[in-house]
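Undergrad: Mind having a look at this structure? Questions to follow.
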Amino acid sequence: MKTTSPRGQPNVDSSAYAVLRAHLRPDELRIDADLVKRWLVNFLRDELIRRRGIRQAVVGVSGGVDSAVVAALCAQALGPANVVGVRMPYATSSVLSSLHGRLVIESTGIRDRLIDISAAVDGYLREEPDASPQRLGNVMARMRMIVLFDQSAKIGALPIGTGNKSERMFGYFTWHGDDSPPINPLGDLFKTQVWQLARHLNVPSDIVAKPATADLIRGQTDEEDLGITYVRADRILHYVLLGYAPADILAQGFDSQDVALVKRRVDATHWKRHLATTAVISATAINEFYLRPVDY
Amino acid sequence: MENLDTASDYDALGIVPKPASRAIEATALARKPLRLGLVQFAPRKGDVQANLRSIGHALEALADDCEPFPDVIVFPETSLSGYFVEGGVRDVAFSAEEALDRLARVAREACPKKETFDIVLGFYEAEHGKHYNSALYATLGARVRLHHVHRKLFLPTYGVFDEERFVSRGRAIDSFETAYGRAAILICEDACHSLATTVAALRGASIIFIPSASPGRGLEDGEPANVRMWRDIMRVVAAEHGVYMAYAGLVGFEGGKGFTGGSRLVGPFGDLRAEAPFSEAAILRVDVSMADVASARAALPMLGDLESNLSEIAAMLAKLAGPRAPSA
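Residue numbers (numbering that gives the first Met the number 0), protein chains in the order written: chain A, 0 to 295; chain B, 0 to 327.
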């Protein structure tokens, strides 16, 4: 509708205004995959070569997307000939994991090592025949770390971690198992960001697209264990880490049960993201009073 | 014979130049290009000797370069030790005089033919039982002289930063005389506060040196977000005050945190003159004319306008900084 000013002059017609709506919710988890790749390749070179003088890496290759990405990054950082991919199946491990593990080795060109951990795990379990599936899974994870550290010691290499930020925040890993390697390129990337990076690195699509699984128990998947998909969980985790209160997260349209689940898992697992709690006796307690950074 | 422009050139030949008026001297200085070298490198954590060697290698590289040796070479924050040292600050801190003595020895070995040059370098300083995150401005070569030491005022203590737990705050921003005009130093977060740059400019600085250590974060769009933030801050603040801003940043990873170099020179029009990449050791060479400062301030007299309103602004700031009135 046209209006006029008190002096009778026409004002601007309301139809002359274009109403612009700002979209204030971009994709919170988008990464520049090429930039992240270059950043992590530099990180690996810096940590291994410049800081430690080590030129070889050992990666546990499970057949999943996380270890596939780490294998590809290590191959670019150090050269494929300087990276050993260790496949460590147990008797119950899925055939698909084994096939995908081989695919990772072939596509990256890294060195292949197959070590079946069944005998080592079962040797212990003969003393504990009633161990639950969860205990069995933890034994496998810790056995794999024994293998990775020993294989590293054998050739003067460093074991490289593969845990992502989503599973770290959920405590969805075996303490002092999967989280043991001294450096980890993926620990600040959510699972959905690892998928973005994997596609950029040309990780075989079958590996990126398949349901994530720890493959410690037959048929398990991460998302069934966690009770939420990574796509939903990662966005909620993003806001939790920024310090948003649950009510403010809900106000953005997330499901209340999802928010409660994520918050509960994060709050219950702070201890898993730390080293052992040490009784402080003196005024020189390590990492309490005596403070030195990891690279000092 | 080459033109002899500086007192040191004449000193070397034993010639006493005819005294010139201060105005003529100032004009001559403004016309002479100021040659800057901005160095970014990755120190070895806590290894002062290794880092002095790296500094020496940078000087050697500049001495071997086909271009004339820089007048001023700027090194990053905490160049002698690395940035994240926590309680180790006591192991790696020196008095400014001791740091200067070590740097002077390095300079003599690295470029013995060079008469004099100036250096800006960040280091952890020990003084009277206290520790500071400091940067010195000194002349090295035949005549060694410490001109100025700036102690960082804004100590980031949030997120990955924990400075105030380990070092004390500096209390002053000052400018100092150099062969090419007045200068000031701000260290890293100091320069993120436009008010700090304002104080430096009001104190007469035409060029502000910024030794920095900025850990990268935000890898969503072409470059780390903090690189973009620094570029934006420097361009806006340099234009507002009509000053040059010369930034030198650490590179390399410390405990998983990757520093983002991005050493750059921004001119007094807010114009980005040169910038180094964000992830590799490099020396960025750039020549500038200090005469641009007067041109920029004439075109955009923001600093003069501020000086006109300074008493009112200062009164408002004093009120904000004074004791708070009791709440009702």
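For every residue, glycine included, the Cβ atom is placed at its ideal position computed from N, Cα and C. As the structure is a prediction and not an experimental result, all values here were calculated from the model.
Pop quiz: residue 215 of chain B and residue 49 of chain A are said to be a contact at Cβ under 8 angstroms. What is the actual Cβ separation, rounded to whole angstroms?
TA: Residue mapping note: residue 215 of chain B aligns to position 216 of the second sequence, counting from 1. Residue mapping note: residue 49 of chain A aligns to position 50 of the first sequence, counting from 1. The Cβ separation is near 16 angstroms, so there is no contact.
Undergrad: Going by the beta-carbon positions, is the gap between residue 182 of chain B and residue 136 of chain B smaller than 8 angstroms?
TA: Position 183 of the second sequence, counting from 1, holds the residue named residue 182 of chain B. Position 137 of the second sequence, counting from 1, holds the residue named residue 136 of chain B. For residue 182 of chain B and residue 136 of chain B, yes; Cβs fall inside 8 angstroms.
Undergrad: From the DSSP output, in three-state form, read off residue 23 of chain B for me.
TA: In the second sequence, counting from the first residue as 1, residue 23 of chain B sits at position 24. With a pLDDT of only 49 at residue 23 of chain B, under the threshold of 50, the placement of this residue in the model should not be trusted; the figure read from the coordinates follows. Of the three classes helix, strand and coil, the one that applies to residue 23 of chain B here is helix, per DSSP.
Undergrad: From residue 272 of chain A to residue 260 of chain A, what does the alpha carbon distance come to, in whole angstroms?
TA: Numbered from 1 along the first sequence, position 273 holds the residue referred to as residue 272 of chain A. Numbered from 1 along the first sequence, position 261 holds the residue referred to as residue 260 of chain A. Answer to the nearest angstrom: the Cα atoms are 19 angstroms apart.
Undergrad: Measuring alpha carbon to alpha carbon, tell me which of B:120, B:192 and B:218 ends up nearest residue 337 of chain B.
TA: Because residue 337 of chain B is not part of the residues shown, which for chain B are 0 to 327, the question remains open.
Undergrad: Hey, out of B:177, B:41, B:57 and B:278, whose CA is closest to residue 337 of chain B's CA?
TA: This structure does not reach residue 337 of chain B, given that chain B is present from 0 up to 327, and the question cannot be answered.
Undergrad: Rounding to the nearest angstrom, what Cα-Cα distance links residue 73 of chain A and residue 34 of chain A in this structure?
TA: The sequence position of residue 73 of chain A within the first sequence is 74, counting from 1. The sequence position of residue 34 of chain A within the first sequence is 35, counting from 1. Roughly 16 angstroms between the two C-alpha positions.
Undergrad: Does the beta carbon of residue 85 of chain B come closer than 8 angstroms to any beta carbon on chain A?
TA: In the second sequence, counting from the first residue as 1, residue 85 of chain B sits at position 86. Cβ-Cβ to chain A under 8 angstroms: yes for residue 85 of chain B.
Undergrad: Could you check the C-alpha separation between residue 296 of chain B and residue 267 of chain B for me, to the nearest Å?
TA: What you label residue 296 of chain B is simply residue 297 of the second sequence in a count that begins at 1. What you label residue 267 of chain B is simply residue 268 of the second sequence in a count that begins at 1. If you take the alpha carbons of residue 296 of chain B and residue 267 of chain B, they lie about 8 angstroms apart.
Undergrad: How many angstroms separate the CA atom of residue 229 of chain B from the CA atom of residue 52 of chain B?
TA: As a first step, residue 229 of chain B is located in the second sequence; it is residue number 230 there, counting from the start. As a first step, residue 52 of chain B is located in the second sequence; it is residue number 53 there, counting from the start. Their backbone Cα atoms lie some 29 angstroms apart in a straight line.
Undergrad: Using a threshold of 8 angstroms, state whether the C-beta atoms of residue 212 of chain B and residue 258 of chain B are closer than that.
TA: Here residue 212 of chain B is taken as the residue at index 213 of the second sequence, counted from 1. Here residue 258 of chain B is taken as the residue at index 259 of the second sequence, counted from 1. Cβ atoms of residue 212 of chain B and residue 258 of chain B: closer than 8 angstroms.
Undergrad: What do you get for residue 192 of chain A, buried or exposed, if any count of 16 or more other CB atoms within 10 angstroms of its CB means buried?
TA: Here residue 192 of chain A is taken as the residue at index 193 of the first sequence, counted from 1. It is buried - the Cβ of residue 192 of chain A has at least 16 other Cβ atoms within 10 Å.
Undergrad: Taking contact to mean 3 or more Cβ pairs, one atom from each stretch, closer than 8 angstroms, check whether the region 163-180 of chain A and the region 140-148 of chain A are in contact.
TA: Counting Cβ pairs under 8 angstroms, three or more are found: they touch.
Undergrad: Report the neighbours of residue 169 of chain A on chain B: residues whose CB is nearer than 9 angstroms to its CB, in chain order.
TA: Within the first sequence, residue 169 of chain A is the residue found at index 170, counting from 1. Here the premise fails: no neighbours, minimum Cβ distance about 21 angstroms.
Undergrad: Can you tell me which of the three DSSP states residue 168 of chain B falls into?
TA: Your numbering for residue 168 of chain B matches position 169 in the second sequence. Residue 168 of chain B falls in the coil class under three-state DSSP.
Undergrad: Along the region 25-36 of chain A, what residues have a CB closer than 7 angstroms to any CB found in chain B?
TA: Within the region 25-36 of chain A, the residues whose Cβ lies closer than 7 angstroms to some Cβ of chain B are 29, 30, 31, 34 and 35, listed in chain order.
Undergrad: Note down the Cα distance separating residue 146 of chain B from residue 55 of chain A, rounded to an integer number of angstroms.
TA: Start at 1 with the first residue of the second sequence, and residue 146 of chain B comes out as number 147. Start at 1 with the first residue of the first sequence, and residue 55 of chain A comes out as number 56. The alpha-carbon atoms of residue 146 of chain B and residue 55 of chain A are separated by roughly 47 angstroms.
Undergrad: Of the choices B:177, B:139, B:143 and B:88, whose alpha-carbon is the least far from that of residue 133 of chain B?
TA: Your numbering for residue 133 of chain B matches position 134 in the second sequence. If we check each option's Cα against that of residue 133 of chain B, B:88 comes out closest.
Undergrad: With 8 angstroms as the threshold, decide whether the Cβ of residue 38 of chain A is near any Cβ in chain B.
TA: The residue labelled residue 38 of chain A in the question sits at position 39 within the first sequence. For residue 38 of chain A, the answer is yes, since a Cβ of chain B falls inside 8 angstroms of its Cβ.
Undergrad: Please return the same chain residues whose Cβ sits closer than 6 angstroms to the Cβ of residue 150 of chain B, not counting the five positions on each side in sequence.
TA: Translated into the one-based positions of the second sequence, residue 150 of chain B becomes position 151. If we look at residue 150 of chain B and ignore the five residues flanking it on each side, its Cβ neighbours are 131, 133 and 169.
Undergrad: With DSSP as the reference, identify every bridge partner of residue 257 of chain B, one or two as the case may be.
TA: Here the question's residue 257 of chain B lines up with position 258 in the second sequence. Its beta-bridge partners are B:252.
Undergrad: Give the C-beta separation of residue 282 of chain B and residue 245 of chain B to the nearest angstrom, bearing in mind that I take them to be a contact with Cβ-Cβ under 8 angstroms.
TA: Position 283 of the second sequence, counting from 1, holds the residue named residue 282 of chain B. Position 246 of the second sequence, counting from 1, holds the residue named residue 245 of chain B. Wrong, their Cβ atoms sit about 13 angstroms apart, outside the cutoff.
Undergrad: Which residue comes first and which comes last in the alpha helix (DSSP H) that contains residue 104 of chain A?
TA: Here residue 104 of chain A refers to the residue found at position 105 of the first sequence. Here the alpha helix (DSSP H) through residue 104 of chain A covers 94-107.
Undergrad: Buried or exposed, going by whether 16 or more other CB atoms sit within 10 Å of the CB of residue 33 of chain B?
TA: Your numbering for residue 33 of chain B matches position 34 in the second sequence. Looking at its Cβ environment, which holds 16 or more other Cβ atoms inside 10 Å, residue 33 of chain B is buried.
Undergrad: Checking contacts by CB at 8 angstroms: is residue 154 of chain B closer than that to chain A?
TA: If you number the second sequence from 1, residue 154 of chain B lands on position 155. No, because no Cβ of chain A sits closer than 8 angstroms to the Cβ of residue 154 of chain B.
Undergrad: Distance check for residue 240 of chain A and residue 158 of chain A, CA to CA, integer angstroms please.
TA: The sequence position of residue 158 of chain A within the first sequence is 159, counting from 1. The sequence position of residue 240 of chain A within the first sequence is 241, counting from 1. Their backbone Cα atoms lie some 28 angstroms apart in a straight line.
Undergrad: Do you know how far the Cα of residue 163 of chain B is from the Cα of residue 294 of chain A?
TA: Start at 1 with the first residue of the first sequence, and residue 294 of chain A comes out as number 295. Start at 1 with the first residue of the second sequence, and residue 163 of chain B comes out as number 164. In a straight line, the C-alpha of residue 294 of chain A is about 20 angstroms away from that of residue 163 of chain B.
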